[in-house]
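Heads up: the sequence shown runs through residues 2 to 266, numbered per this note's numbering.
Ideal placement from N, C-alpha and C gives every residue a C-beta, glycine not left out.
Since this is a predicted model, take the numbers as computed values, not measurements.
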Amino acid sequence: MKAVVLAAGKGTRLKPLTDDKPKALVEVDDKPIIEHCLDDLVSLDADEFVVVVGHRKEQIIGRLGDEYRGVPITYAHQREPLGLAHAVLTAEQYIDDDFMLMLGDNVFRANLEDVVEEQRKEAADAAFLVEEVPWEKASRFGVCVTNGDGEITDVVEKPDDPPSNLAMTGFYTFSPAIFDACHLVQPSDRGEYELPDAIDLLIRSGRTISAVTLDGWRVDVGYPEDRDEAERRLRAADGDASVERSDSAHASSKEVSLSGEGEDD
C-alpha cells in the first residue's frame, strides 16, 4: 500500500524551532519528525511514499532523497497552503488504489496497524484513528460520531457544540474515492479546503468509514512544548525510567496537543 505524508507546513507556532527549517524537519529525540512518520509507515509495509512538500521543500528533498529505508519516494508540490484536502489532491496523480495518509507533524506510538487492517476489509472505504478527549476540549478538534458498529456517521470540524468527544488523529486510510470528495469541497470560513469536509461528503454519499480507537499515544508537534513532550514520551517508551517519572510529573500540568490546527502551522 502506498503512503502519503503531508509535510508542506511552515510551523509558525513552532518558532523559533522553524526559523531555519520547515516544520517536518524539526527534530524530536535527535530525528526529524517526518522520519518518525516514515519509520512508522515502513513498519506498516508501505511500498512507496508520496511526500507532499511546500515551504522550504528543497530542505526536505535534500534530507530524504529518492528513497527512505529502501522505499522509493515521490514528491508532490503544494504551491499554496490551502488546507489538508487541497494537500491530499496534490498526491492524486500518484495514487491508484487504497493508501495510507499521515500528517507529517505527528509522533505515534499507537495501533496504526489496526487502521490498515480495517481498510483491507471489503466493505471499508476509509478508516482512521480516533481518540477520546475531555468533553470540555472537544470543540478544539475535528470530532466524529459513530454508530454501534464502529462506523463513522458524522464528522464536524471544531464544532461550537460538539456532538462527540472522539477526536480525529493524524493517521488515515482511504480508497481513491477521497479525491472525488476533495474536489467537491468548498473553502471553509478560514479559506481552507478542509479534510473533515471531504470525509463528510464520503459519508453522505453512502461510503463506509470505520473508526479505530487509539491504543497508545500520539503527540501533534504544533508548539515547542509539544516537541519536548514527544521526546519525554519516546524516551520513556524506550525504557528510560527517569524520563518516565518526569513524564508522569508533567502529566497534570501539561496538555498534549491532539489535533492539527491548520496546514500553514
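Minimum Cβ-Cβ distance from residue i to chain B less than 9 Å
i	result
Asp97	No chain B appears in the structure shown, which is made up of a single protein chain.
Residue i versus residue j - alpha carbon distance
i	j	result
Gly66	Pro163	42 Å
Val157	Ala199	11 Å
Leu18	Ala92	27 Å
Gly240	Gly192	44 Å
Arg228	Gln120	30 Å
Phe175	Phe100	6 Å
Asp20	Gly12	9 Å
Ala212	Ile204	13 Å
Val144	Pro160	8 Å
Glu68	Ile74	5 Å
Ala77	Ser44	23 Å
Phe50	Glu59	17 Å
Glu245	Ala178	Model confidence at Glu245 stands at a pLDDT of 43, short of 50, so the residue's coordinates are unreliable and nothing is read from them.
Ile61	Thr147	37 Å
His201	Gly207	The question names His, but residue 201 in the sequence shown is Asp. Approximately 10 Å, taken between the alpha carbons.
Opposing strand residues paired with residue i [DSSP bridges]
i	result
Gly240	Beta-bridge pairing links Gly240 to no other residue.
Met103	Val6 and Phe172
Cys145	Val156 and Leu167
Own chain residues within Cβ distance below 7 Å of residue i, not counting five before or after
i	result
Thr209	Ala124, Ala125, Asp126 and Glu152
Ile34	Ala25, Val27, Gly105, Asp106, Val108 and Val222
Cys38	Val6, Met103, Gly105 and Asn107
Identity of the residue in the options nearest residue i by Cα
i	options	result
Val5	Tyr95, Leu102, Trp218 and Leu15	Leu102
Leu83	Gln187, Leu39 and Thr214	Gln187
Val117	Leu42, Gly207 and Val146	Leu42
Ala111	Arg234, Asp216, Val220 and Val146	Asp216
Thr214	Phe180, Leu113, Pro225 and Arg234	Leu113
Beta-carbon proximity list for residue i, same chain, < 6 Å, skipping 5 on both sides
i	result
Cys183	Ala86, Val89, Leu90 and Ala199
Gln79	Ala9, Val53, Gly55, Ala88 and Thr91
Tyr173	Leu102 and Phe129
Proximal residues to residue i (C-beta, below 8 Å), its chain only, five neighbours per side dropped
i	result
Lys3	Ala47, Asp48, Glu49, Phe50, Val51, Tyr95, Ile96, Asp98, Phe100 and Met101
Arg234	Val108, Arg110, Trp218, Val220 and Asp248
Trp136	Pro163 and Asn166
Margin query: Please give the ranges of any alpha helix (DSSP H) in the region 8-81, keeping only runs that are unbroken, at least 4 residues long and fully inside the region.
Written below: Counting whole runs of 4 or more residues, the region 8-81 contains the alpha helix (DSSP H) stretches 34-44 and 58-65.
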